[in-house]
Amino acid sequence: MSALPACPQCGSEFTYQDGANLVCPECAHEWSPSAAAAAATANAARVYRDASGNVLQDGDTVTVIKDLKPKGSGGVIKQGTKVKNIRLVDSDHDIDCKIDGFGAMSLKSEFVRKV
């Protein structure tokens, strides 16, 4: 059998090479092997982990493991503060959430622990 990848559109294993492209005879989809490799790398989901190494997901509840002083705010987020329904984002701060008494906030995953 050939070592060519299956069609990304329909999943057919009967792909063949036509010049520099790969072609699927069942759905007539054409794609570049290098573009397929780049798309697979881009689609590889980033794994977010808390301070203990537990995998975090959208909607999880976490607690803050140390006192945090947000910039531009007069208050302090105390250790043990529970944060519900987090949302994971791909930026310098991994978590977007709402904290009671502070409002919308961005946190780094290294300062939280999954409940």
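Here the sequence shown stands for residues 1 to 115, where the numbers follow this note's numbering. Glycine included, each C-beta is placed from N, C-alpha and C at the ideal position.
By DSSP's assignment, Y48 forms no beta bridge with any residue. For D94, there is no enclosing beta strand (DSSP E), since its DSSP letter is neither H nor E. Residues of the same chain with a CB within less than 7 Å of the CB of S109, apart from the 5 flanking positions on each side, are Y48, R49, D50, L56, D94, I95 in chain order. Listed in chain order, the non-local C-beta contacts of R87 below 6 Å within the same chain comprise D58, D96, local neighbours out to five positions each way being set aside.
Pairing V115 with T81 gives a Cβ-Cβ distance that is not under 7 Å. Counting only runs of at least 3 residues, the region 54–90 fully encloses the following beta strand (DSSP E) elements, listed from N- to C-terminal order: 62–64. If you compare the alpha carbons of E26, P33, G103, G53 with that of S73, the shortest gap goes to G103.
Per DSSP, V115 lies in no beta strand (DSSP E) segment and is marked neither H nor E.
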